[in-house]
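See below for the structure under consideration.
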Amino acid sequence: MLTVLAYLVVGIFLVGFTHRIWLYASCPAPLKIPTTPAPVTTVGVVWRLFTEIAFFNSLFKGDKWAWVGSYAFHGALALVLVRHLRYFVDPLPGFFAHIQIAGIVAGLVMVGGLGLLLLRRLIIDRVRYISSPADYLWLMLLLGIGGSGLLMQFCVRPDIVHIKAAMMGMWSSTNVSLPTMMAGDFIFLAHLLMVAALVVLFPFSKLMHLGGIFFSPTRNQVDNPREVKHVNPWASN
Amino acid sequence: MADYSVPEIQEDIKTPALAVGTMAHLKPYPAIEKHMVPLAFPKQRVDNWQEKGIEKLGDMLKKYRSLQVYLDICVKCGACADKCHYYLGTGDANNMPVARAELMRSVYRRYFTPAGKLFPGVVRAVDFDEEALHKWMTYFHQCSQCRRCSVFCPYGIDTAEITMAAREIMDAIGVGHKYSTEIICKVHDMGNNLGIPKPALKGTLEFLEGDILENTGHEVRLPLDEEGAEVLLVAPSADFFSEPHIQSLMGYAKVFHQAGIRYTISSIAAEAANFGMFIGSFAQKQKIAKRIAEQARELKVKRIVVGECGHAWRVAYSFWNTLNGPFDFLDPRYPVPQHICEFTYDLLQRGALTMDKEANDEYVVTMHDSCNVARASRMGDKPGGQFEIPRALIRASCNQFVEMDPETTHEKTFCCGGGGGLLTDELMDLRIAGAMPRVTALKQVMKKDKVNFMALICAICKAQFSKVLPMYHIPMETVGGVHQLVSNAIQLGAKKGIV
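As you go down the protein sequences, you meet chains A and B in turn. Sequential numbering of the first sequence, starting at 1, is according to the numbering used here. Sequential numbering of the second sequence, starting at 1001, is according to the numbering used here.
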């Protein structure tokens, strides 16, 4: 049951995400529209995209608090995800022992960043105006995932040995069951279900900014329209 | 003159408290049959406009990657919210770039996403109904397509792309804007946006030749339709008839004269502007630009130089090659097209021009970067040349030059308030309010550095500021072209020809 659910969730995500990316990639960009000043070489464009993704360059210029909140959240999330590999890999490489602490601190930073983003949404009149219920639900879901994770880390521990065995079982598609002995086990179940919801909804939501940014013509085009003729595939000439 | 409310200028640009509907009263004049039909748009709103509009949106989602991606991936972080000059000037919630784009996104979600079909209340999806269309008409004509928001967006979402798409969808269902459609009809009929017939144009150019002769003693030519000239000069038509535009036109003429380069203006292509961009129509953009390429062939010129016009330079620089290229019949040693500032700068570098800076000693000059030049084009071969080259010309022409607040120049520059097809009287309230950020920055340097001249390179900026600055108690003569300064400083007959 659990294994089927896991495969279904991941399947929906992969199909949905790939479809979206395929949509972006196959849609033509009829004109050159980079926001200038823009790089005049492909290498320059790669660097521009790298700085956007690694440092949130434009957001830093635009809104310092949004940058702090989102950079804390995304950076910490990356570390947390790496740390979570320990539940899916056996035997565990020594590397994981070194990042264990960093991963746990990152969990706190992640929730802090999300809290800041939620506060911004509630406090700043402009951001409150543009926020839909969905925008709050996403923050709640992520806070729920992060919060339940921290709860298991610091307060109510689940039967982690059993859980890891169950996770490892999924790789081989064997029928596995989750422990339901301790209070922590139920928190884990909630944690898992929230993650599943996030993963399933991902391709149908604004979370597609993860893939979409690579296809943003104002950021990914080389500024060379005079030197190289950019062709619009759906127009004559 | 009607009674307009003019914002009070503060020490600094302040973000206003959010208000709902302060600009909802503005009504862009609807396009009329006479101007819609020649552009292949329905003569009036079609009966099944909802269905047709959604169909058009679906069609455009397959043609414009920008639209598909930008409708999908906004996370509503709000970084753009306080970056728009119209929001800063009016406080109207729908003038936040994100909220403006949401007007289309909410319709997109309703018809094109599972979430919007199943849970419209949760994701805020709305039907394309009377109310939605009314908001589109109102607020997609309160965006000047200046792209300032896209500079600060973490994903580079460009509201101009969304505004253009919205206007194209509205045109497709017969709901156009009179101002732009009327002008596009004129450019097709007469070759220029002002509808100037050839004899009038010829008369003006001859008059200006006489004027320059009288003032300088030099026979500077402003030739029309001369086959075999080296350069085709394509200037915005306002340069032929409006102040202060005409001062820059005389500046270009003097540069050509002094360089000893034969050039011509074309009566059929006596217009650099291309309002096809403002209404988002690729077909119109292409058709309007085409007559320039054809004139270049017909007049057998070797180069095309574009005058001081912001959006025209965007279309020329960024789009011409796609629309009507390649321009392989022109001299490959020069970029196609070349901006008049690049042209003059090149001559200056080669020592072909002698400048007397003292001629502009009455001025303390600052520079207003025009949005389409700053954020949608380039000059020279390095990124940022669009800022450096005009400034180099200003520095070569005058002794006193200062910058405005760097948060309001270069790629962070503020729109004049009249760009993007909004330079029309019925939107005057918006134009005045939208100029507030620029006027604030200008007043700062007027106070601190005694600035009395704001140089720029855009015909729309010139027209807008000439009209709006006086409302803020700034003399209209404060605004002028970069080539107006060049015109004052250039020494005719000093040393002629290219070295």
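Where is the CB? At the ideal position from N, CA and C, for every residue including glycine.
Straight-line CA distance for V1499(B) to V1006(B)?
By 1-based counting over the second sequence, the position of residue 1499(B) is 499. By 1-based counting over the second sequence, the position of residue 1006(B) is 6. Interpretation of V1499(B) is limited by its pLDDT of 45, a score under 50 that renders its predicted location unreliable; no figure is taken from the coordinates.
Terminal residues of the continuous alpha helix (DSSP H) containing I1054(B)?
Translated into positions along the second sequence, residue 1054(B) becomes position 54. Element bounds for I1054(B): W1049 to K1063.
Does any CB atom of chain B fall closer than 8 Å to the CB of H230(A)?
The residue given as residue 230(A) occupies position 230 in the first sequence. With 8 Å as the cut-off, H230(A) counts as an interface residue toward chain B.
D223(A) and T36(A) closer than 8 Å at C-beta
Numbered from its first residue, the first sequence carries residue 223(A) at position 223. Numbered from its first residue, the first sequence carries residue 36(A) at position 36. In contact: D223(A) and T36(A) (Cβ atoms closer than 8 Å).
Report the residue ranges of all alpha helix (DSSP H) runs contained in full by the region 1284–1341 of chain B; include only those spanning at least 4 residues, in chain order.
Segments of the alpha helix (DSSP H) lying fully in the region 1284–1341 of chain B: 1310–1314 and 1320–1324.
Taking 8 Å as the CB-CB cut-off, is Y1179(B) touching chain A?
What you label residue 1179(B) is simply residue 179 of the second sequence in a count that begins at 1. Chain A contact via Cβ: absent.
Run down chain A in chain order and give the residues with a C-beta less than 7 Å from the C-beta of V1069(B).
Within the second sequence, the letter at position 69 stands for residue 1069(B). The answer, in chain order, is Y24, G212, F215 and S216.
Give the straight-line distance between the Cα atoms of G45(A) and V176(A), rounded to the nearest whole angstrom.
Here residue 45(A) refers to the residue found at position 45 of the first sequence. Here residue 176(A) refers to the residue found at position 176 of the first sequence. This sequence places Val at residue 45(A); Gly is not what is there. Distance between the alpha carbons of V45(A) and V176(A): 47 Å.
Would you mind telling me which residues of chain B sit closer than 8 Å to M208(A), beta carbon to beta carbon, in chain order?
The count along the first sequence starts at 1 and reaches residue 208(A) at position 208. Under the 8 Å cutoff, chain B gives D1072 and I1073.
What are the boundary residues of the beta strand (DSSP E) that includes Y1263(B)?
Position 263 of the second sequence, counted from the start, is the residue given in the question as residue 1263(B). That run of the beta strand (DSSP E) goes Y1263 to I1265.
N-terminal and C-terminal residue of the beta strand (DSSP E) that G1481(B) is part of:
Position 481 of the second sequence, counted from the first residue, corresponds to residue 1481(B). Residue range V1479 to G1481 is occupied by the beta strand (DSSP E) that includes G1481(B).
Less than 8 Å between CB atoms is the rule here; does D1082(B) satisfy it with respect to chain A?
As a first step, residue 1082(B) is located in the second sequence; it is residue number 82 there, counting from the start. True, the Cβ-Cβ gap to chain A drops below 8 Å.
So with Cβ pairs under 8 Å, would you call W234(A) a contact of chain B?
The residue given as residue 234(A) occupies position 234 in the first sequence. Cβ-Cβ to chain B under 8 Å: yes for W234(A).
Of all the beta strand (DSSP E) runs that stay within the bounds of the region 139–192 of chain A, which reach a length of 3 or more residues?
Given a length threshold of 3 residues, the region 139–192 of chain A has no whole run of the beta strand (DSSP E) inside it.
Determine which residues share a DSSP beta bridge with I1490(B) and list them.
Counted from its first residue, the second sequence places residue 1490(B) at position 490. Note: I1490(B) sits in a beta bridge opposite M1355(B).
Going along the chain, which residues of the region 1008–1030 of chain B sit with their C-beta nearer than 7 Å to a C-beta in chain A?
A1017 and L1018
Reducing DSSP to helix, strand and coil, say where V1499(B) ends up.
For the purposes of this step, residue 1499(B) is taken as the residue at position 499 of the second sequence. Low local confidence applies: a pLDDT of 45 at V1499(B) is under 50, so the model's placement there is unreliable, with the coordinate-based value given in what follows. Of the three classes helix, strand and coil, the one that applies to V1499(B) here is coil, per DSSP.
What in chain B is Cβ-close to F56(A), meaning under 9 Å?
For the purposes of this step, residue 56(A) is taken as the residue at position 56 of the first sequence. Result: P1154.
Compare the Cα-Cα distances from T180(A) to each of S172(A), A190(A) and W171(A) and report the closest residue.
Working through the first sequence from its first residue, we reach residue 180(A) at position 180. Ranking the options by Cα distance to T180(A), first place goes to A190(A).
So if DSSP puts F1453(B) in a beta bridge, which residue, or which two residues, is it bridged to?
As a first step, residue 1453(B) must be located in the second sequence, where it is residue number 453. Answer is V1365(B), bridged to F1453(B).
Any beta-carbon of chain B closer than 8 Å to the one on G115(A)?
On the first sequence, residue 115(A) is found 115 positions in, with the first residue counted as 1. With 8 Å as the cut-off, G115(A) does not count as an interface residue toward chain B.
I'd like to know if I124(A) contacts chain B, where contact means its C-beta is closer than 8 Å to some C-beta of that chain.
To locate residue 124(A), count along the first sequence from 1; it is residue 124. Yes, I124(A) lies at the interface with chain B (some Cβ there is under 8 Å from its Cβ).
Check whether the Cβ of V40(A) lies closer than 8 Å to any Cβ atom in chain B.
As a position in the first sequence, residue 40(A) is number 40, starting the count at 1. It does: the Cβ of V40(A) has a partner Cβ on chain B nearer than 8 Å.
Grab me the residues of W1313(B)'s own chain with a C-beta within less than 7 Å of its C-beta, minus the 5 sequence neighbours each way, in chain order.
Translated into positions along the second sequence, residue 1313(B) becomes position 313. Taken in chain order, the residues that qualify are V1306, H1339, N1372, V1373 and S1377.
Contacts that E1426(B) makes with chain A (C-beta to C-beta distance below 7 Å)
In the second sequence, the residue the question calls residue 1426(B) occupies position 426. What E1426(B) touches in chain A: nothing, since even the nearest Cβ is about 27 Å away.
With which residues is H1134(B) paired in a DSSP beta bridge?
As a position in the second sequence, residue 1134(B) is number 134, starting the count at 1. According to DSSP, which records beta bridges pairwise, H1134(B) is partnered with nothing at all.
Taking 8 Å as the CB-CB cut-off, is V1499(B) touching chain A?
Residue numbering aside, residue 1499(B) sits at position 499 when the second sequence is read from its first letter. For V1499(B), the predicted structure reports a pLDDT of 45, less than 50, and the residue's modelled location is therefore unreliable. The matter cannot be settled from this model.
Would C1077(B) and D63(A) be called neighbours here (beta carbons separated by less than 8 Å)?
What you label residue 1077(B) is simply residue 77 of the second sequence in a count that begins at 1. What you label residue 63(A) is simply residue 63 of the first sequence in a count that begins at 1. Yes, Cβ-Cβ distance for C1077(B) and D63(A) is below 8 Å.
Tell me whether the beta-carbon of G1089(B) lies closer than 8 Å to the beta-carbon of A1433(B).
The residue you call residue 1089(B) lines up with position 89 of the second sequence. The residue you call residue 1433(B) lines up with position 433 of the second sequence. Yes, they are a contact pair.
Backbone CA spacing between F214(A) and A54(A) [nearest angstrom]
To locate residue 214(A), count along the first sequence from 1; it is residue 214. To locate residue 54(A), count along the first sequence from 1; it is residue 54. Between F214(A) and A54(A), the C-alpha separation is close to 13 Å.
Show which residues of chain B have a CB atom less than 8 Å away from the CB atom of D159(A).
Residue numbering aside, residue 159(A) sits at position 159 when the first sequence is read from its first letter. Within 8 Å Cβ-Cβ: nothing; D159(A) doesn't reach chain B, min ~36 Å.
contact_flag[the region 1467–1482 of chain B, the region 1297–1305 of chain B] where n(CB pairs < 8 Å) is 3 or more:
no
Quick check: G69(A) and G113(A), are their CB atoms within less than 8 Å of each other?
The count along the first sequence starts at 1 and reaches residue 69(A) at position 69. The count along the first sequence starts at 1 and reaches residue 113(A) at position 113. For the pair G69(A) and G113(A), the CB atoms are nearer than the 8 Å cut-off.
Taking 8 Å as the CB-CB limit, is T180(A) close to chain B?
As a first step, residue 180(A) is located in the first sequence; it is residue number 180 there, counting from the start. It does not: the Cβ of T180(A) has no partner Cβ on chain B nearer than 8 Å.
Alpha carbon to alpha carbon, how far is K61(A) from V1075(B)?
Position 61 of the first sequence, counting from 1, holds the residue named residue 61(A). Position 75 of the second sequence, counting from 1, holds the residue named residue 1075(B). Cα to Cα, K61(A) sits roughly 17 Å from V1075(B).
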